[in-house]
Amino acid sequence: MNLSLLKKTALLISLTAIAFLLEVIKLPELFLKEIPDPLRFKMENRIAVILFFMVLLVIFRKRYDYLFQVNVLKDKRTYAWIFSVLTSVYILMKASSGFQGPFLPFRVPELSLLYLLILLYRVCVLVPIAEEFLYRGLLLLVPSQRIRYVMLIVSSVFFASLHSNSFETIWLGLGLGILAIRFQNIWVPIIAHTLWNLMATYL
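So that you can map any letter, position 73 of the sequence shown is 215 in our numbering, and since no number is skipped, the others follow by simple counting.
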């Protein structure tokens, strides 16, 4: 392993540690306490993670600008991949649970229109962007292709461990990671994650 790779690996480990710290530490509550707890859960943490990666993007923009290209979103094959991966994830998750129970255990509670819109923003915008930056974004920065596939499993395990039904959720982490590696792009797994959360919450 050359010095350049060692430096990149050390930098990646440092960035990962900071990002995960922002994800798990207790931050001051910045939003209305009247908002139901399920809607406010880790909202400050997700915003902190997004801001952290926005700062990194400004610093390293020239080097990693390709991860944010939108040209791939104009290709119909991209959405065929998203549909295929999400369908496979769904089948694997159902198989893991013995094909029993609902699509996902979470369902929309009885909320006012305002809170439903907040929920929509949280599960379809805030959470997908923050979690994809944190898990798949860092995965794409792994300097070695071989190590990247090892990190695909590691990041998926971490992703699942912070969700309910961890054993089933690991399939979603693997699917989103495969999309990120396949397209070398962060927007593809963000869109897939948004669609998944939308279906899991509102269908």
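Even for Gly, the Cβ is constructed at its ideal location relative to N, Cα and C.
Since we're looking at a predicted model, the values are computed, not measured.
- Distances from the CA of Leu337 to each of Val214, Lys150, Thr229 were compared; the closest alpha carbon is that of Thr229.
- Counting the other Cβ atoms within 10 Å of the Cβ of Val200 gives fewer than 16, which makes it exposed.
- Taken atom to atom, the span from the alpha-carbon of Cys266 to that of Thr311 is near 17 Å.
- Ile167 is the residue among Leu198, Ile167, Leu283 whose C-alpha sits nearest the C-alpha of Met185.
- By the Cβ rule, the region 216–230 does not count as touching the region 290–309, because fewer than three pairs are nearer than 8 Å.
- Within the same chain, no residue comes within 7 Å of Gln287 by CB-CB distance, once the 5 residues on both sides are set aside.
- Around the C-beta of Gly315, 16 or more other C-beta atoms lie within 10 Å, and the residue is accordingly described as buried.
- The continuous alpha helix (DSSP H) containing Ser298 extends over residues 287–303.
- For the 9 Å CB-CB criterion, Leu148 and Leu283 do not form a contact.
- Of the residues assessed, Leu255 falls on the exposed side of the cut-off, its CB having fewer than 16 other CB atoms within 10 angstroms.
- For the 9 Å CB-CB criterion, Ala272 and Arg205 do not form a contact.
- The Cβ-Cβ distance between Ile333 and Arg278 does not fall below 9 Å.
- Closest in alpha carbon position to Ile155, among Gly240, Gln211, Leu280, is Leu280.
- DSSP places Lys216 in the helix class (H, G or I) of the three-state scheme.
- Nearest to Leu163 by C-alpha distance, out of Val191, His335, Asn339, Gln211, is Val191.
- By a beta-carbon distance limit of 8 Å, Leu340 does not contact Pro331. Their separation comes to about 15 Å.
- Straight through space, the alpha carbons of Ala342 and Ile233 are spaced by roughly 14 Å.
- In this structure, Ala161 lies near Leu276, with their beta-carbon atoms less than 9 Å apart.
- The beta-carbon distance between Gly317 and Val231, rounded to whole angstroms, is 4 Å. This is short enough to meet the 8 Å contact definition.
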